[in-house]
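S.K.: The structure that follows is given in the form of structure tokens.
Written as structure tokens, this is what we have:
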């Protein structure tokens with residue numbers, strides 16, 4: 038497998054950030070790690086090996102990025118508005134630094150990129166796609182939470198005003214701009230979740246997203262796996278292989 042590591046000092050985050058690239062050709066995927074995760078976790082947790090046939094055959098190409106979750110949504114020492122501001126800096130890093138890097142690497146300055154992630158990475162995958170459908174062609178998101186007014190993030194309903202535009206279950210129902218909705222309807226949206234251990238909150242948010250997509254006429258494949266399917270990597274291996282197989286044969 039062709040593997041590269043890249044890093045640079047991000048002026049938007051004022052810190053060094055790294056990206057691992059897996060593959061030589063194919064539909065590019067930006068991969069967000071789990072909570073507080075790193076750019077090497079997808080490989081370290083075994084996912085790159087699990088989906089290697091799709092990478093080695095040139096059907097997909099992964100760009101695994103770093104997170105700043107520990108300094109944004111999981112820094113409970115600062116108020117929600119400040120955490121949101123830090124995430125907005127991360128948003129600028131992804132859209133204004135990583136996306137141009139991916140497009141240059143793929144020799145296509147107009148290419149739309151798929152987003153992907155598990156757990157907290159699924160949140161990022163969905164949120165980045167929904168906020169920037171001109172840059173992202175769709176998402177494969179597994180076992181995610183899609184609202185920020187949760188105890189998991191140290192927030193409650195009183196904090197929602199400060200984090201609203203990064204909480205998909207909150208902002209998507211009120212979104213009526215056809216510029217966004219038409220792009221969503223032309224995109225590939227896959228949201229999967231198990232119904233086993235540690236998936237209760239993810240099931241709740243996945244059902245909420247499912248209902249919103251249906252209400253807005255957005256064609257999304259929302260897939261509920263069985264009661265034996267836990268919030269864990271071995272099942273995510275199986276889900277990714279299943280969904281990639283359906284997309285790329």
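Numbering (this note's numbering), first residue to last: 38 to 286. Virtual Cβ for every residue (Gly too), placed ideally from N, Cα, C.
Between which residues of its own chain and residue 242 is the CB-CB distance below 8 Å, once the five residues before and five after are set aside?
M.R.: Position 205 of the chain shown holds residue 242. 181, 182, 183, 184, 206, listed in sequence order.
S.K.: Which residues in the same chain have their Cβ closer than 7 Å to the Cβ of residue 72, if we skip the five residues on either side of it in sequence?
M.R.: Reading the chain shown from its first residue, position 35 is the one you call residue 72. 106, 111, 156, 157, listed in sequence order.
S.K.: Who are the near neighbours of residue 83 in its chain, counting only those whose CB is closer than 8 Å to its CB and skipping five residues on each side?
M.R.: One-based indexing of the chain shown puts residue 83 at position 46. Around residue 83: 270, 274.
S.K.: Three-state secondary structure (DSSP) at residue 69?
M.R.: Along the chain shown, one-based indexing puts residue 69 at 32. In the structure shown, residue 69 sits in a strand (DSSP, three-state: E or B).
S.K.: When DSSP labels each residue in this structure, what does residue 42 get in the three-state scheme?
M.R.: Locating residue 42 in the chain shown gives position 5, counting from the first residue. Reduced to three states, the DSSP call for residue 42 is strand.
S.K.: Run through the segment 107-168 for me and flag every whole alpha helix (DSSP H) of 4 or more residues, listed as ranges in chain order.
M.R.: Counting whole runs of 4 or more residues, the segment 107-168 contains the alpha helix (DSSP H) stretches 117-130, 136-142, 157-168.
S.K.: May I ask you to verify whether the segment 258-268 touches the segment 231-249, counting CB pairs closer than 8 Å and requiring at least 3?
M.R.: Touching, per the Cβ criterion.
S.K.: Measuring straight from C-alpha to C-alpha, what distance separates residue 210 and residue 249?
M.R.: Here the question's residue 210 lines up with position 173 in the chain shown. Here the question's residue 249 lines up with position 212 in the chain shown. Cα to Cα, the separation comes out at about 6 Å.
S.K.: Since residue 64 sits in a beta bridge, which residues does DSSP pair it with?
M.R.: Position 27 of the chain shown, counting from 1, holds the residue named residue 64. In DSSP, residue 64 forms a bridge with 97.
S.K.: If you run the structure through DSSP and keep just helix, strand and coil, what is residue 179?
M.R.: Here residue 179 is taken as the residue at index 142 of the chain shown, counted from 1. Of the three classes helix, strand and coil, the one that applies to residue 179 here is strand, per DSSP.
S.K.: Around the Cβ of residue 223, are there at least 16 other Cβ atoms within 10 angstroms (buried) or fewer (exposed)?
M.R.: If you number the chain shown from 1, residue 223 lands on position 186. Looking at its Cβ environment, which holds fewer than 16 other Cβ atoms inside 10 Å, residue 223 is exposed.
S.K.: Can you give me the C-alpha to C-alpha distance between residue 227 and residue 259, rounded to a whole angstrom?
M.R.: Here residue 227 is taken as the residue at index 190 of the chain shown, counted from 1. Here residue 259 is taken as the residue at index 222 of the chain shown, counted from 1. Answer to the nearest angstrom: the Cα atoms are 6 Å apart.
S.K.: Relative to the C-alpha of residue 99, which residue among 186, 246, 164, 135 is closest?
M.R.: Residue numbering aside, residue 99 sits at position 62 when the chain shown is read from its first letter. Checking every option, the nearest Cα to that of residue 99 belongs to 135.
S.K.: Count the CB pairs spanning the segment 113-132 and the segment 77-96 that are closer than 8 Å, and state whether there are at least three.
M.R.: Because the criterion of three Cβ pairs below 8 Å is not met, the segment 113-132 and the segment 77-96 do not touch.
S.K.: Under three-state DSSP, which class holds residue 27?
M.R.: This structure cannot speak to residue 27, because the chain is shown only from 38 to 286.
S.K.: Have a look at residue 113 and residue 190 and give me their C-alpha separation to the nearest angstrom.
M.R.: Locating residue 113 in the chain shown gives position 76, counting from the first residue. Locating residue 190 in the chain shown gives position 153, counting from the first residue. Approximately 8 Å between the Cα atoms of the pair.
S.K.: Classify residue 173 as helix, strand or coil using the three-state DSSP reduction.
M.R.: Taking the chain shown and counting its residues from 1, the one referred to as residue 173 is at position 136. If DSSP states are grouped into helix, strand and coil, residue 173 belongs with the strands.
S.K.: Between the beta-carbon of residue 58 and the beta-carbon of residue 102, is there less than 8 Å?
M.R.: The residue given as residue 58 occupies position 21 in the chain shown. The residue given as residue 102 occupies position 65 in the chain shown. The answer is no: Cβ separation not under 8 Å.
S.K.: What does the alpha-carbon distance come out to for the pair residue 162 and residue 153?
M.R.: Start at 1 with the first residue of the chain shown, and residue 162 comes out as number 125. Start at 1 with the first residue of the chain shown, and residue 153 comes out as number 116. So the two alpha carbons sit approximately 5 Å from each other.
S.K.: Write down the C-beta distance between residue 284 and residue 225 rounded to the nearest angstrom, noting that I regard them as a contact closer than 8 Å.
M.R.: Position 247 of the chain shown, counted from the start, is the residue given in the question as residue 284. Position 188 of the chain shown, counted from the start, is the residue given in the question as residue 225. Sure, about 7 Å apart at Cβ, within 8 Å.
S.K.: Using the three-state DSSP reduction, which class does residue 225 fall into: helix, strand or coil?
M.R.: Residue numbering aside, residue 225 sits at position 188 when the chain shown is read from its first letter. The answer is strand: DSSP assigns residue 225 an E or B state.
S.K.: For residue 203, is the classification buried or exposed, using 16 other Cβ atoms within 10 angstroms of its Cβ as the cut-off for buried?
M.R.: The residue given as residue 203 occupies position 166 in the chain shown. It is buried - the Cβ of residue 203 has at least 16 other Cβ atoms within 10 Å.
S.K.: Between 167, 97, 115, 132, which lies nearest to residue 215 when the distance is taken from Cα to Cα?
M.R.: Walking along the chain shown from the start, residue 215 turns up at place 178. Looking at the Cα atoms, 167 is the closest of the given residues.
S.K.: For residue 256, is the classification buried or exposed, using 16 other Cβ atoms within 10 angstroms of its Cβ as the cut-off for buried?
M.R.: Counting from one through the chain shown, the residue named residue 256 turns up at place 219. Residue 256 comes out exposed.
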